[in-house]
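Have a look at the structure below, then the notes.
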Amino acid sequence: MKVGFIGTGVMGSRMAKRLLGNGFHLMVHNRTIEKAQPLIELGAFYSETISSLVSQCQVVCTCLSMPDDVLNVYTGKEGIIHTARPGTICIDFTSVGADTSKTIFEMTDAKKISYLDCPVSGGPEGAESGTLTIMAGGEEVAFHKVKQVLEVLGDTIEYLGPSGSGSIAKLINQYLVAVHSLAASEAMVAGSAYGLDSEQLLKVLKTSYGDSRILRRHMEQYVFNRHFTPGGAVKYVHKDVRLANQLLQEAGLNQFTGQLAEKAFQTAAEQGHSEQDMSAVIKPLEEDAGIIVKRKK
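Each number in this note's numbering comes from the position in the sequence shown (counting from 1) with 2 added on.
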């Protein structure tokens, strides 16, 4: 099976590397060839254009940044939909709104191309180790045809239903990520403002009902070390929680905690933390309180 992979950034490069390491014949494309160079050195074939890659591959994977990027890659003049052969199966790992997924599905279906929305959770470490959670929406027949590809990338792989189902599940996950990030940040800033030792407070919370995976991740890997090189950047969580909030409104909810989280991530982005790890949402709160959450020296 010849697999194409478009988008070799933080997540895509790691996922593509796993496909290479598991014997897939892989062709890659990225807007800047520099990000694809390590994969080329490992044996991937590089395509200078999307159309050239798509015309040669049975399965085309995309892992991009924003919904507009996905629409451009799929629907552009030299994009996937206009150049893929009938029978091609496309797997989009990008986090986008359900409307975007459904729009692309309808366009690909008209061309007899299969499209699966398969956003992932697990971060760069999950992509590296092949332990991602993969949430799939689209035609079930197509899902089973590419299951062998997905199994190289994740250890929790769920087919959730028709087109858009995977995107909805991912946005619900990202809603919780954003809300938990804000709540954890508020709690730790408040504790520090009252003079509590941050490491001791975290130790207590980790053995209490206030514990969360996000609390541990943010504090232990990023905040205490004041190291904010992104696993998942502020700008992406802001995008995701904005899309997730639209889902909640469409579901009939009027006031919900995600609205506060969206505002917090927007503030962090506006204050220059857009490219930093999502845990940097704590920085504006620290500034407001006049403290820094960190380890004791």
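Note that the Cβ used here is the ideal one computed from N, Cα and C, for glycine as well.
Can you tell me which of the three DSSP states residue i falls into?
i: Val295; result: coil
i: Val5; result: strand
i: Gly139; result: strand
i: Ser116; result: strand
i: Asp111; result: helix
i: Gly163; result: strand
i: Leu198; result: coil
i: Leu249; result: helix
i: Gly125; result: helix
i: Asp94; result: strand
i: Val62; result: strand
i: Pro69; result: helix
i: Ala266; result: helix
i: Leu255; result: coil
i: Arg228; result: coil
i: Gly193; result: helix
When the Cα of residue i is compared with those of the options, which residue comes out closest?
i: Gly14; options: Leu134, Leu249, His240, Ser214; result: Leu134
i: Leu73; options: Glu43, Thr259, Val98; result: Val98
i: Asp242; options: Gly163, Ala291, Leu178, Ser281; result: Leu178
i: Asn247; options: Ile174, Glu108, Ala112, Asn24; result: Ile174
Identify the residues that DSSP records as bridge partners of residue i: which are they?
i: Tyr48; result: Val30
i: Ala235; result: Asp279
i: Leu134; result: Gly156
Taking a contact to mean a Cβ-Cβ separation below 7 Å, would you say residue i touches residue j in this structure?
i: Val62; j: Gly6; result: yes
i: Ser200; j: Val283; result: no
i: Ala93; j: Cys120; result: Checking the sequence, you will find Ile at residue 93 rather than Ala. A contact, by the Cβ cut-off of 7 Å.
i: Lys237; j: Ser187; result: no
i: Thr110; j: Ile83; result: yes
i: Leu155; j: Gly132; result: yes
i: Ala46; j: Leu22; result: yes
i: Asp290; j: Pro232; result: no
i: Phe226; j: Arg297; result: yes
i: Phe267; j: His240; result: yes
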